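Beneath this line is the structure, given in structure tokens, with notes to follow.
Protein chains: 4
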Amino acid sequence: MDAKQRILDAADQLFGEVGLDAATTRAIADRSGANKALIHYHFTTKDELFGAVLDRYYAQLAAALGPALATEGSLRARLVGLVDAYVDFLAGHRGFFRIVQREIAGGRHVDRIAEHMLPLFRAGVALLTQAYPATRAGALAAPSLLVSFYGMVATYFGYAPVVARLVGAEPLSPEGLAHHKRHLARMVDLMLAALEAETQAPAPAPPRNGARRRQT
Amino acid sequence: MDAKQRILDAADQLFGEVGLDAATTRAIADRSGANKALIHYHFTTKDELFGAVLDRYYAQLAAALGPALATEGSLRARLVGLVDAYVDFLAGHRGFFRIVQREIAGGRHVDRIAEHMLPLFRAGVALLTQAYPATRAGALAAPSLLVSFYGMVATYFGYAPVVARLVGAEPLSPEGLAHHKRHLARMVDLMLAALEAETQAPAPAPPRNGARRRQT
Amino acid sequence: MDAKQRILDAADQLFGEVGLDAATTRAIADRSGANKALIHYHFTTKDELFGAVLDRYYAQLAAALGPALATEGSLRARLVGLVDAYVDFLAGHRGFFRIVQREIAGGRHVDRIAEHMLPLFRAGVALLTQAYPATRAGALAAPSLLVSFYGMVATYFGYAPVVARLVGAEPLSPEGLAHHKRHLARMVDLMLAALEAETQAPAPAPPRNGARRRQT
Amino acid sequence: MDAKQRILDAADQLFGEVGLDAATTRAIADRSGANKALIHYHFTTKDELFGAVLDRYYAQLAAALGPALATEGSLRARLVGLVDAYVDFLAGHRGFFRIVQREIAGGRHVDRIAEHMLPLFRAGVALLTQAYPATRAGALAAPSLLVSFYGMVATYFGYAPVVARLVGAEPLSPEGLAHHKRHLARMVDLMLAALEAETQAPAPAPPRNGARRRQT
DNA sequence: GATGAATGAGCGTTCATTCAT
DNA sequence: AATGAATGAACGCTCATTCAT
Chain A
2 MDAKQRILDA ADQLFGEVGL DAATTRAIAD RSGANKALIH YHFTTKDELF GAVLDRYYAQ
62 LAAALGPALA TEGSLRARLV GLVDAYVDFL AGHRGFFRIV QREIAGGRHV DRIAEHMLPL
122 FRAGVALLTQ AYPATRAGAL AAPSLLVSFY GMVATYFGYA PVVARLVGAE PLSPEGLAHH
182 KRHLARMVDL MLAALEAETQ APAPAPPRNG ARRRQT
Chain B
2 MDAKQRILDA ADQLFGEVGL DAATTRAIAD RSGANKALIH YHFTTKDELF GAVLDRYYAQ
62 LAAALGPALA TEGSLRARLV GLVDAYVDFL AGHRGFFRIV QREIAGGRHV DRIAEHMLPL
122 FRAGVALLTQ AYPATRAGAL AAPSLLVSFY GMVATYFGYA PVVARLVGAE PLSPEGLAHH
182 KRHLARMVDL MLAALEAETQ APAPAPPRNG ARRRQT
Chain C
2 MDAKQRILDA ADQLFGEVGL DAATTRAIAD RSGANKALIH YHFTTKDELF GAVLDRYYAQ
62 LAAALGPALA TEGSLRARLV GLVDAYVDFL AGHRGFFRIV QREIAGGRHV DRIAEHMLPL
122 FRAGVALLTQ AYPATRAGAL AAPSLLVSFY GMVATYFGYA PVVARLVGAE PLSPEGLAHH
182 KRHLARMVDL MLAALEAETQ APAPAPPRNG ARRRQT
Chain D
2 MDAKQRILDA ADQLFGEVGL DAATTRAIAD RSGANKALIH YHFTTKDELF GAVLDRYYAQ
62 LAAALGPALA TEGSLRARLV GLVDAYVDFL AGHRGFFRIV QREIAGGRHV DRIAEHMLPL
122 FRAGVALLTQ AYPATRAGAL AAPSLLVSFY GMVATYFGYA PVVARLVGAE PLSPEGLAHH
182 KRHLARMVDL MLAALEAETQ APAPAPPRNG ARRRQT
């Protein structure tokens, strides 16, 4: 009955822990309390099971990010809300990040992931370009900003083991996450200030090293 | 001797293309023109071979980043040089990024990677904290900044397939990379300006939404 | 009722196409539009389903051969009619021949097939021995003749792919079948002439190589 | 060293006994005293192993039939010699016939079998057409005769279980085989006599039932 | 240094069959 | 009569690794 759900849960955990290849159907069957054959009955193929896990994650992510996007507040509030919501989602679904991180680096599911991410990225691009024409091109173009912020948010989780050694504290503890959020909010502020400035004076000189040239 | 190098090269390629698990000794043997048994003769274990590939990459990376760190110029010049060098290295060693991306997300080699990255991170932390006391703690603490910048640099490569669809251009083309470098330089400028400001007035109010509180 | 027939039809087709082992219950269920479990409800076991297919075929074969045997004409007319009817049956039930061909070569159903064929062979033996005492033993003994004629009729179908390449024409086309029938009729004539001759002079010398000895 | 041979032998036996599908790699490994993986090491695939068994059989068959074809004697002597040699080969390689019988009825190896048989059939056609122009077409055309004789020879083996019940004796005993050979020699004689007659008077009337029409 | 042969363990997948409904 | 879910056993095949040469 709900064996399908239990298989999905077990697969999600194992894919996150050891990766798609190393997560064997046997292990998934064992952890879900199901029969190996039942996995194939419900999902046909390990790859399709993986796709189902992926789809479920992105549905949950969209649900988690939706409220932040729909907020009535200022752009800053919406961006910070978005970033915070993403951090919370990643913190609460550790396997998700690991799965995506591994597969986006080259696997059979890159396309599926890309298809899930595109609408999110596009929404972000729309948000920025509507507020700041300066983000339509140049060094602060919206896609660049979005990828960079996505990178800031996510890399913290990906490199948690390294960060832990570096700072001697647990990056994924509540305190660590709170600090990360504060850092990210500050980076959002930096970005918005720069965009604000650029809107008034389109081609600002770099603060110290005046000789840099701007291009499209 | 020769064969050992060819095995290392083939392994490096295959690990990058398909990952540690999916790269079989048979495939490595075939691509290197060596015998399967010879791989074990030279490297004992597939995991050790992987470690050797990793070590070689990080030695190359250190060599590539060294000049940028040793430069006599301004801090900005050194940071931008570092970022550019990293971008170039990642662009020139595509497999490296994929390997690290996959393994850092949870594998048997996380520790080895962490050990390689730590000195690089520590050097960056030293650089920043010496120049700006403000980076010793708070929302712009050096570790946070380094992870964020590492994330900006690297995510661009990891999410190239998504970026390609988003902007309809090839992110890894020379033009794409040049644009990415400009973007990153600009982000460095933003950061430095903020640190400069913070050094003069330690607790700045956020630009729009004045109600945020700072913590350590 | 309806479903049972559809299962039988689908099974018959698939057994003919790919053989007993390779015809899976799933494939039979798919082709018949039925549920896998329903197959076992109606036939208990795949082997029993196979037996049912076999039984139906032999019932149809008996019906097809009956008229030829019951004919009032000459022995030759009855033999040729039998042969023609068999050719027509095989041509019209291609799966039947393939199934029998495969299973008679060693399978779990050899006995069942043998039981179906025995009465047919016995009828043939009776027909010949009553008409020609010479067929009671010797080189032209009835069982030998029957097996040989059965072989002539059937092998043409079994080796159709080879024959097609050999003669560059389609052996199972109407023309091919007509030619085959003519050939078989001629072989019947040869046999009957020999039996006729042997009845008048029991120990004929072989046409060229006179030194052969006859035995029982 | 000779593990490859032992695998080939075991496979040959099992393919003959139970068929391609039912002969599992495990059973082949067990019978040959080899490891399951070793089978794939030497033959890559079960289908390729089957092809190797097939090729070996046909090489042996060609060797067994060669002397009979090369004989200096009369056409009759050569034909009878050929038939006898085939009977002996089939009797001595029981698995061969079963394998071919099953696969020719529709499998993945029909083409391979057909390719092996074609030269043999062509040699037979050449033999007959050179000796008797009458075999170039018509009811006694060479291909028809060859298929029929092949059918007579082979069906005896294929239907041995049925024949055993029919005559209450063992068809594959030395006595049974000797009798079969005598029967076949007699059939050869019948055919040759008919061809001889037809050569002198091209369009003979059928012995009893005068109304049959001849065609090409 | 290099290789062909060999192996045990385990892979994803499929099978005929059962059972509760 | 009919079905979706479930299962144990087994499938062909591939794996990293070993070893004698």
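Protein chains in written order, with our numbering: chain A, 2 to 217; chain B, 2 to 217; chain C, 2 to 217; chain D, 2 to 217.
Note that CB positions come from ideal geometry on N, CA and C, so glycine has one too.
Keep in mind that this is a model prediction, so the values were computed, not measured.
In this model, C:F122 and C:A186 are separated by some 19 Å (Cα to Cα). Chain B has no Cβ within less than 9 Å of the Cβ of A:A11. A:R99 and A:L193 have their C-alpha atoms roughly 30 Å apart. Just so you know, the alpha carbons of D:G107 and C:G20 end up roughly 8 Å apart. For the set B:K5, B:K37, B:D13, the Cα lying nearest the Cα of B:H94 is the one of B:D13. Here the C-alpha atom of D:Y59 lies approximately 14 Å from the C-alpha atom of D:D89. Closest in C-alpha terms to B:F44, from the list B:G34, B:L62, B:Y160, B:L9, comes B:L9. Distance check between A:F158 and each of A:A23, A:K182, A:D56 places A:K182 closest, using alpha-carbon atoms only. For the pair D:A138 and D:L76, the CB atoms are not nearer than the 9 Å cut-off. Our two residues, D:H180 and D:A65, have alpha carbons roughly 21 Å apart in a direct line.
B:L83 and A:R113 have their C-alpha atoms spaced approximately 34 Å apart. For C:P144, the chain D residues whose C-beta falls within less than 8 Å of its own C-beta are V164, L167, V168, listed in chain order. Taking a contact to require three or more Cβ pairs closer than 8 Å, the stretch 158-178 of chain C and the stretch 166-176 of chain D do not qualify as touching. Around the beta carbon of D:Q6, fewer than 16 other beta carbons sit within 10 angstroms, so the residue counts as exposed. Residue environment for D:G34: exposed (fewer than 16 other C-beta atoms within 10 angstroms of its C-beta). Counting along the chain, B:Y58 sits inside the alpha helix (DSSP H) bounded by residues 47-71. By the C-beta density criterion, B:Y87 is buried, having at least 16 other C-beta atoms within 10 angstroms. When the beta-carbon positions are compared, C:T156 and C:L146 stay at least 9 Å from each other. Interface criterion met: the Cβ of A:E18 is under 9 Å from a Cβ in chain B. Taking a 10 Å sphere around the C-beta of D:D190, we find 16 or more other C-beta atoms and assign the residue as buried. At a C-beta separation below 8 Å, C:G67 has no neighbours in chain D, since its nearest C-beta there lies roughly 20 Å away. The residue from D:A23, D:R32, D:A71 with its alpha-carbon nearest to that of D:A4 is D:R32. By the criterion of a C-beta distance shorter than 6 Å, A:H117 is surrounded in its chain by Y59, once the five residues flanking it on both sides are discounted.
For D:Y133, there are no C-beta contacts with chain C under 7 Å, since the nearest C-beta of that chain is about 13 Å from it.
Residues of chain C whose Cβ lies closer than 9 Å to the Cβ of D:Y157 are, in chain order, S145, V148, S149, G152. Annotated as distal: D:R57 and D:L70, with beta-carbon spacing of 9 Å or more. If you draw a straight line from the Cα of B:N36 to the Cα of B:I29, it is about 9 Å long.
The C-beta of D:R103 has 16 or more other C-beta atoms within 10 Å across all chains shown, which makes the residue buried. Judged by beta-carbon spacing, B:L196 lies within the 9 Å limit of B:L129, meaning their Cβ atoms are closer than that value. Taking 9 Å as the cut-off, the beta carbon of D:G96 is found no closer than this to the beta carbon of D:G177. For the C-beta of D:D3, not a single chain C residue is nearer than 9 Å; the gap to the nearest is close to 28 Å. Using a Cβ-Cβ cut-off of 9 Å, C:Y160 counts as an interface residue toward chain D, since at least one Cβ of chain D sits closer than that to its own. Out of D:P162, D:L141, D:V154, D:Q201, the CA that lies nearest to the CA of D:V81 is found in D:V154.
Rounded to the nearest angstrom, the Cβ distance from D:G152 to C:G152 is 4 Å, consistent with a contact under 8 Å.
Residues are counted here when their Cβ sits less than 7 Å from a Cβ of chain C; for the stretch 92-105 of chain D these are R99, Q102, R103, I105, given in chain order. Taking the Cα positions, B:V148 is about 14 Å away from B:M188.
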